[in-house]
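Residue numbers (the numbering used here): 11 to 223.
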């Protein structure tokens with residue numbers, strides 16, 4: 011039986027707007043809901059505390075999902091655009107209200123296949139992210155790896171202007187080299203990167219686009 015990921019305590023962890031400091035931060039993404047028989051995912055920090063969660067309850071492949079903190083406060087709403095094929099938008103929440111302007115937009119081509127990497131097919135999506143403070147638009151490329159019959163194995167988020175990888179998701183492996191279940195992922199986020207943005211993009215690529223959440 012594959013090992014499972016559980017929170018070390020019921021206490022909530024702070025939900026940082028960005029990963030501060032000079033060191034990269036590592037999170038665990040468990041593609042399971044905290045709600046029994048529900049669909050969603052849970053994000054843990056390196057200490058085992060819950061940072062974010064998604065609970066779709068009994069609904070799978072929903073056209074709209076909410077990223078929440080442990081207390082259930084909505085941080086981000088990710089919506090599939092009905093009249094635009096392969097287009098998703100993320101809306102930030104401030105208090106009890108959703109902002110009217112999209113915080114980020116993700117577009118996946120109808121035929122996203124781009125090539126091969128280490129023997130696995132790689133597809134690509136594009137993201138436009140609007141900074142809160144300056145309004146400046148930053149463009150990212152989301153490259154995700156697939157394996158026939160098993161869905162997404164991981165993804166990397168690249169800043170198109172600099173070519174730098176700001177975040178990367180892979181299947182989680184223990185210190186002794188044992189790979190955990192396919193629904194347990196390791197998320198590495200570089201300093202200065204908005205964590206809610208990264209988690210929202212991971213939800214899209216590893217959950218919603220893959221129809222596993």
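Built from N, CA and C at the ideal position, the CB exists for glycine as well.
Within the region 147–207, the runs of beta strand (DSSP E) that reach at least 3 residues and sit entirely inside it are, in chain order, 147–157, 161–169, 175–181, 194–199. In this structure residue 98 is in contact with residue 214, their Cβ atoms being roughly 6 Å apart against a cut-off of 8 Å. Within the same chain, Cβ atoms closer than 6 Å to the Cβ of residue 180 are found at 164, 196, the five residues on either side in sequence being excluded. Burial state of residue 50 is buried, judged by a 10 Å Cβ sphere holding 16 or more other Cβ atoms.
Boundaries for residue 41: no beta strand (DSSP E) harbours it, and the DSSP string shows neither H nor E there. Residue 108 has 103 as its beta-bridge partners, per DSSP.
Residue 74 is bridged by DSSP to 89.
In this structure residue 86 is in contact with residue 210, their Cβ atoms being roughly 5 Å apart against a cut-off of 8 Å. Boundaries of the beta strand (DSSP E) harbouring residue 65: 60–65, taken from the DSSP string.
For residue 41, the closest C-alpha among the options 63, 59, 58 is that of 63.
Secondary structure of residue 95 (DSSP, three-state): coil.
Around the C-beta of residue 100, 16 or more other C-beta atoms lie within 10 Å, and the residue is accordingly described as buried. Taking 9 Å as the cut-off, the Cβ atoms of residue 183 and residue 174 do not count as close. For residue 90, same chain residues with a beta-carbon under 6 Å away, outside a window of 5 residues either side, are 73, 98 in chain order.
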